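Numbering (my numbering), first residue to last: 8 to 122.
Written out as structure tokens, the structure reads:
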């Protein structure tokens with residue numbers, strides 16, 4: 008499975024961005040799709056996931072502001088980020104996890120939120 012993330016950039020506090028993650032390869036093996044982020048000096052953390060049945064889960068810090076969704080026809084997962092805060096600044100990584108718990112990662116896309 009190969010993942011190509013895009014959509015990061017510089018935005019002012021309160022603004023919005025949408026990240027995209029296009030997948031190719033053995034998509035049928037994937038059970039969970041999601042986004043993680045890593046801020047400077049911090050560990051990588053879960054932002055949001057979407058499971059094959061459509062259920063979602065979010066980090067408490069982004070609930071009500073971020074929305075994860077998927078377009079199965081395009082094999083693409085999105086992360087709509089609204090009301091961005093400076094503490095959302097990080098490199099965002101797309102993740103796909105297979106039924107065998109193998110993790111696949113995208114290359115990361117930088118999101119910078121200015122105050």
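Quick reminder that beta carbons are idealized off the backbone N, C-alpha and C, glycines included. Being a predicted model, the structure only gives us computed values, none of them experimental.
| message | In whole angstroms, give me the CA-to-CA distance for residue 70 and residue 17. | response | The count along the chain shown starts at 1 and reaches residue 70 at position 63. The count along the chain shown starts at 1 and reaches residue 17 at position 10. In a straight line, the C-alpha of residue 70 is about 21 Å away from that of residue 17.
| query | Is the beta carbon of residue 15 less than 8 Å from the beta carbon of residue 118? | reply | In the chain shown, counting from the first residue as 1, residue 15 sits at position 8. In the chain shown, counting from the first residue as 1, residue 118 sits at position 111. Yes; because the gap between Cβ atoms is below 8 Å, this pair is in contact.
| said: Quick check on residue 55: buried or exposed, where buried means 16 or more other Cβ atoms within 10 Å of its Cβ? | reply: The sequence position of residue 55 within the chain shown is 48, counting from 1. Per the 10 Å Cβ criterion, buried.
| Inter-stretch contact (C-beta, 8 Å, three-pair minimum) for the segment 66–85 and the segment 109–117 | no
| request: Could you check the C-alpha separation between residue 120 and residue 93 for me, to the nearest Å? | output: As a working mapping, residue 120 is identified with position 113 in the chain shown. As a working mapping, residue 93 is identified with position 86 in the chain shown. C-alpha separation (whole angstroms): 5 Å.
| query | Which residue's Cα is closest to the Cα of residue 99: 34, 23, 36 and 51? | reply | Counting from one through the chain shown, the residue named residue 99 turns up at place 92. Checked all of 34, 23, 36 and 51; the closest Cα to residue 99 is 51.
| query | Expressed to the nearest angstrom, what Euclidean distance is found between the alpha-carbon atoms of residue 42 and residue 106? | reply | Along the chain shown, one-based indexing puts residue 42 at 35. Along the chain shown, one-based indexing puts residue 106 at 99. Distance between the alpha carbons of residue 42 and residue 106 is about 17 Å.
| Which residue comes first and which comes last in the beta strand (DSSP E) that contains residue 19? | In the chain shown, counting from the first residue as 1, residue 19 sits at position 12. Counting along the chain, the beta strand (DSSP E) containing residue 19 begins and ends at 16–19.
| field | Three-state secondary structure (DSSP) of residue 35 | value | Translated into positions along the chain shown, residue 35 becomes position 28. If DSSP states are grouped into helix, strand and coil, residue 35 belongs with the helices.
| query | Could you give the residue range of the beta strand (DSSP E) that holds residue 68? | reply | Here residue 68 is taken as the residue at index 61 of the chain shown, counted from 1. That residue, residue 68, is in no beta strand (DSSP E); it is neither H nor E in DSSP.
| request: Given a cut-off of 8 Å, decide if residue 44 and residue 104 are closer than it, judged by their beta-carbon atoms. | output: The residue you call residue 104 lines up with position 97 of the chain shown. The residue you call residue 44 lines up with position 37 of the chain shown. No, they are not a contact pair.
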